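Enquirer:
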Amino acid sequence: MSNNNFRVAIVVSHPIQHFCPQYISFTKMKDVEVKLFFASMLGYKKYVDKNFGQEISWNNLRLDEFDHEFLNGEQVLPSTKELDAPSITEELDNYHPDAIITYGHFQKVQRRAHKWAKANNVPIVYITDSENRQRRKWYKLLAKFFLLRQYYNKVNYFFTVGDANEAYFKLYGVPEKKFIRMHYPIDVDVYADAYQNKAALRSQIREQYGIPKEDFVIAVVGKLVTWKNQEHLIDLLIDLESKGQKAHAFILGSGKTLDGLKQKAEQLKVNKAHFTGFVDPLSLPAYYAAIDAYVHPASIEPHSLAISEAIYMGCPVILSSTCGSYGDTDDVQVNKNGYVYNFGDIQELSEKVIKLINDQQLRQQFSDHSRKISLKFQQRAHRDSMLDLINKVNKGKRKAVSV
1 MSNNNFRVAI VVSHPIQHFC PQYISFTKMK DVEVKLFFAS MLGYKKYVDK NFGQEISWNN
61 LRLDEFDHEF LNGEQVLPST KELDAPSITE ELDNYHPDAI ITYGHFQKVQ RRAHKWAKAN
121 NVPIVYITDS ENRQRRKWYK LLAKFFLLRQ YYNKVNYFFT VGDANEAYFK LYGVPEKKFI
181 RMHYPIDVDV YADAYQNKAA LRSQIREQYG IPKEDFVIAV VGKLVTWKNQ EHLIDLLIDL
241 ESKGQKAHAF ILGSGKTLDG LKQKAEQLKV NKAHFTGFVD PLSLPAYYAA IDAYVHPASI
301 EPHSLAISEA IYMGCPVILS STCGSYGDTD DVQVNKNGYV YNFGDIQELS EKVIKLINDQ
361 QLRQQFSDHS RKISLKFQQR AHRDSMLDLI NKVNKGKRKA VSV
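Take the sequence shown: its letters are residues 1 to 403, numbered as in UniProt numbering.
(1) May I ask you to report which of helix, strand or coil DSSP gives K178?
(2) Measuring alpha carbon to alpha carbon, tell me which residue in T226, G210, G173 is nearest A273.
(3) What is the rounded straight-line gap between the Cα of V403 and the Cα of N121?
(4) By DSSP's criteria, I251 is part of a beta bridge. Which residues make up the other side?
(5) Taking the alpha-carbon positions, what's the Y339 to H382 distance?
(6) Just to confirm the assignment, what range does the beta strand (DSSP E) spanning L233 have?
(7) Is it buried or exposed for A265, if we count other Cβ within 10 angstroms and need 16 for buried?
(8) Let's test the definition: count the other Cβ atoms within 10 Å of the Cβ of Y157 and tell me whether it reaches 16, buried, or not, exposed.
(9) On the criterion of 16 or more Cβ atoms from any shown chain inside 10 Å, does I16 qualify as buried, or is it exposed?
(10) Report the CB separation of V317 from H296 in whole angstroms; it is logged as a contact under 8 Å.
(11) To which residues does DSSP link T160 through a beta bridge?
(12) Measure the C-alpha to C-alpha separation of L389 and I180 and round it to an integer number of angstroms.
(13) On the criterion of 16 or more Cβ atoms from any shown chain inside 10 Å, does F145 qualify as buried, or is it exposed?
(14) If the criterion is Cβ atoms closer than 9 Å, does the pair H248 and F216 meet it?
(15) Is the distance from the Cβ of V221 to the Cβ of E309 below 9 Å?
(16) Using a Cβ distance threshold of 8 Å, determine whether the stretch 363–373 contacts the stretch 330–345, with at least three qualifying pairs required.
(17) Looking only at C-alpha atoms, which of K262, E301, I234 sits nearest to N271?
(18) Please give the ranges of any beta strand (DSSP E) in the stretch 71–150, keeping only runs that are unbroken, at least 3 residues long and fully inside the region.
(19) Taking 8 Å as the threshold, find out whether the stretch 79–90 comes into contact with the stretch 130–141 through three or more Cβ pairs.
(20) Measure the alpha-carbon distance for F52 versus F377 and round it to whole angstroms.
(21) Between which two residues does the beta strand (DSSP E) carrying K35 extend?
(22) Extract the residue ranges of the alpha helix (DSSP H) inside the stretch 317–378, only unbroken runs of 4 or more that lie entirely within it.
(23) Can you tell me whether A298 is helix, strand or coil according to DSSP?
(24) Can you tell me the Cα-Cα spacing of G104 and I10, whole angstroms?
(25) In angstroms, rounded to a whole number, what distance separates the CA positions of F250 and L282?
(26) I need the straight-line Cα distance from K243 to Q107, nearest angstrom please.
(27) Do the stretch 64–80 and the stretch 12–30 make contact, defined as three or more Cβ pairs closer than 8 Å?
(28) Taking just the CA atoms, how far does I238 sit from A219?
(29) Would S320 pass as a contact of S299 if the rule is Cβ separation under 9 Å?
(30) So who's on the other strand from V12, going by DSSP bridges?
(31) Is the distance from the Cβ of D331 to the Cβ of G173 below 9 Å?
(32) What is the C-beta distance between A286 and Q204, in whole angstroms, given that I count them as a contact (C-beta under 8 Å)?
(33) Just tell me which of I124, L240, N59, N4 has its CA closest to the CA of C20.
(34) Out of curiosity, what's the CA-to-CA distance linking D384 and M182?
(35) Which residues in the same chain as G314 place their Cβ atom closer than 6 Å to its Cβ, once the five residues preceding and following it in sequence are excluded?
Have a look at this one:
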């Protein structure tokens, strides 16, 4: 590596499967040097995920394609506020980064990196998917307000993932000039290949589940937990059935609510809910290819990775009002590639689904727009956001020198 390379240290709890492809993209950029500092082998080594309800490890991390260090050796440590790695200070001393990217503020290892950056006058880039679309108790908001306002004031730049995310930061006094829109990265290599084979994958999955090619299919992806509200899709199928509308729903994932969901699905007479269990990330694109619309009914969902993946595959999206993925410049743009409905309002959700069922031209328009914006968003996530950061940091250095 050339000494003139722009060096970026990325401090993160553990290898996160949809961020690792972004690190690979950054590594391939000219004149950029990236090193990851992980505090845990969680995900690289097997661990029990209490929400999935099973042992999990990710097979798509591709750690050999970017420089990285496990700060706590082979330990599989939980990603809690106590997660720490005292050696991060020495590692950063040795690496001499031009910028540090951190994820959140509540873990000890992140606060150590933040403290080191301020002491060494190195710009901090902050990432979180937080937003304000759920109802929260006022006293909790008040308690956080002054703490976060002070913390964010010391952050130089924010890699933001969407409109609601930026609105959240503005609430705590962060000016727009500190924003660098990143969007959520997905595994673009895998999804690009899948999109090229979309027709074949669509037929393959539909044949596997016995779904006729003309039937309307929706899906939701995620852990089967109460706040994901997958039961609303079964309520939707029941309502559609009562109105003479035929549809299928893939419910992808595993978790504690599975038995209850299956029991509820027994009420269906014509429409069908297909429970896939946990689906390997490398197999997910085929399911997006097989559906006509993606529906996300969660009561809590800061910014859905599944929605970012779905729009890349050209899916129209319908999501609840409590999700953070919609906005004029976000993954779901109302009446352009999807709809937003009031959380829990099954009748409103049903009306919007019926619009798509009955209007193939509208579905195609929404599909085309999803694909169009996703290509642009992924270019920002995998390249342009880093270029913007480099330009901002270098501009700041020139100003400091001139002063």
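Yeah, the Cβ is synthetic: ideal placement off N, Cα and C, and Gly gets one too.
Model, not experiment: these values are computed from the prediction.
Expert: Quick answer:
(1) If you number the sequence shown from 1, residue 178 lands on position 178. It is helical.
(2) Taking the sequence shown and counting its residues from 1, one reaches residue 273 at position 273. Comparing Cα positions, the closest option is G210.
(3) Stepping through the sequence shown from its first residue, residue 403 is reached at position 403. Stepping through the sequence shown from its first residue, residue 121 is reached at position 121. Low confidence applies here, because V403 scores a pLDDT of 36, under 50, leaving its location unreliable; read the following figure in that light. Taking the straight line joining both Cα atoms gives about 16 Å.
(4) For the purposes of this step, residue 251 is taken as residue 251 along the sequence shown, with counting starting at 1. Bridge partners of I251: V220, F275.
(5) Looking up residue 339 in the sequence shown gives position 339. Looking up residue 382 in the sequence shown gives position 382. Near 27 Å, if we compare the C-alpha coordinates of H382 and Y339.
(6) Along the sequence shown, one-based indexing puts residue 233 at 233. Counting along the chain, L233 falls outside any beta strand (DSSP E), though it belongs to the alpha helix (DSSP H) covering 231–242.
(7) Taking the sequence shown and counting its residues from 1, the one referred to as residue 265 is at position 265. A265 comes out buried.
(8) For this step, residue 157 is matched to residue 157 along the sequence shown. That one is buried.
(9) Stepping through the sequence shown from its first residue, residue 16 is reached at position 16. I16 should be labelled buried.
(10) Here residue 317 is taken as the residue at index 317 of the sequence shown, counted from 1. Here residue 296 is taken as the residue at index 296 of the sequence shown, counted from 1. Correct: roughly 7 Å between the Cβ atoms.
(11) Translated into the one-based positions of the sequence shown, residue 160 becomes position 160. In DSSP, T160 forms a bridge with R181.
(12) Position 389 of the sequence shown, counted from the first residue, corresponds to residue 389. Position 180 of the sequence shown, counted from the first residue, corresponds to residue 180. C-alpha separation (whole angstroms): 7 Å.
(13) Mapped onto the sequence shown, residue 145 falls at position 145. Exposed, since its Cβ has fewer than 16 Cβ neighbours within 10 Å.
(14) Numbered from its first residue, the sequence shown carries residue 248 at position 248. Numbered from its first residue, the sequence shown carries residue 216 at position 216. Yes; because the gap between Cβ atoms is below 9 Å, this pair is in contact.
(15) As a position in the sequence shown, residue 221 is number 221, starting the count at 1. As a position in the sequence shown, residue 309 is number 309, starting the count at 1. The answer is yes: Cβ separation under 9 Å.
(16) yes
(17) As a first step, residue 271 must be located in the sequence shown, where it is residue number 271. It is I234.
(18) 99–103, 124–127
(19) no
(20) Against the sequence shown, residue 52 aligns to sequence position 52. Against the sequence shown, residue 377 aligns to sequence position 377. The alpha-carbon atoms of F52 and F377 are separated by roughly 29 Å.
(21) Counted from its first residue, the sequence shown places residue 35 at position 35. Here the beta strand (DSSP E) through K35 covers 32–38.
(22) 346–358
(23) As a working note, residue 298 is residue 298 in the sequence shown. Reduced to three states, the DSSP call for A298 is coil.
(24) Residue numbering aside, residue 104 sits at position 104 when the sequence shown is read from its first letter. Residue numbering aside, residue 10 sits at position 10 when the sequence shown is read from its first letter. Approximately 12 Å, taken between the alpha carbons.
(25) Against the sequence shown, residue 250 aligns to sequence position 250. Against the sequence shown, residue 282 aligns to sequence position 282. If you take the alpha carbons of F250 and L282, they lie about 17 Å apart.
(26) If you number the sequence shown from 1, residue 243 lands on position 243. If you number the sequence shown from 1, residue 107 lands on position 107. Cα to Cα, K243 sits roughly 50 Å from Q107.
(27) yes
(28) As a working note, residue 219 is residue 219 in the sequence shown. As a working note, residue 238 is residue 238 in the sequence shown. Between A219 and I238, the C-alpha separation is close to 15 Å.
(29) Looking up residue 320 in the sequence shown gives position 320. Looking up residue 299 in the sequence shown gives position 299. It is a contact, given that the beta carbons lie within the stated cut-off.
(30) As a working mapping, residue 12 is identified with position 12 in the sequence shown. Paired residues: F38.
(31) Here residue 331 refers to the residue found at position 331 of the sequence shown. Here residue 173 refers to the residue found at position 173 of the sequence shown. Not a contact, by the Cβ cut-off of 9 Å.
(32) In the sequence shown, residue 286 corresponds to position 286, counting from 1. In the sequence shown, residue 204 corresponds to position 204, counting from 1. Confirmed, about 6 Å.
(33) Residue 20 sits at position 20 when you count from the first residue of the sequence shown. C20 has its Cα closest to that of N59, out of I124, L240, N59, N4.
(34) Against the sequence shown, residue 384 aligns to sequence position 384. Against the sequence shown, residue 182 aligns to sequence position 182. When rounded, the distance between both Cα atoms is 8 Å.
(35) The residue given as residue 314 occupies position 314 in the sequence shown. So the qualifying residues of the chain are S367, S370, R371.
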